[in-house]
Amino acid sequence: MANLQQYSKAVVYVNSLLLSEEASVTIKRTSGSQPVKTVAKGYAGESPGSPMTEITVSNAVPSADFELDPGPYLNLVEIVEVTVFAAGRTLTVKGSIIDDNFSHAVDSEAKLEFNFRGGPGSWQ
């Protein structure tokens, strides 16, 4: 019999506001490096770049109101702090909400998805 274990859930905060309607979160961290190619070596390595953290959050939308309206952050390019708790660790990044998307369809929940881009982040 396989060894069973409990697996992690994630919890997301934006500017210390718990997103209790969060349905999914995706975190992508990139080094921003550029490939270095030479005639003799071909691929020779990587040139350092600007590391970034990109976070996509999908939130269910209650009929009363949006839990978080990204509009003001988008319009003013306001710096926000996104914190994700998962697997007993914390990732906190400051950056900007760069876009959002509201969707609704027959036999589907209303949801609001937003994309965040910030500096490098590390799980602590």
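To get this note's numbering, take the position in the sequence shown, counting from 1, and add 105. All C-beta atoms, glycine included, are put in the ideal place defined by N, C-alpha and C.
In this structure, F221 is the residue among F221, P225 and W228 with its C-alpha nearest to the C-alpha of V162.
DSSP places L217 within a strand segment (E or B) once states are collapsed to three. Of L124, A107 and A191, the smallest CA-CA separation from E172 is found for L124. Residue pairing of N108 in beta bridges, as defined by DSSP: absent, with no partner found. If you draw a 10 Å sphere on the C-beta of N164, you find 16 or more other C-beta atoms in it, and that means buried. Sorting Q229, P156, N206 and A192 by C-alpha distance to the C-alpha of Q110 places A192 at the top. Comparing C-alpha distances from F207 to each of G137, D170 and V187 shows the shortest one belongs to D170. Scanning its chain for C-beta atoms nearer than 7 Å, with the 5 sequence neighbours on each side dropped, one finds around D205 the residues P175, L179, L217, E218 and F219, in chain order. Nearest C-alpha to E127 among A115, T135 and R134: A115.
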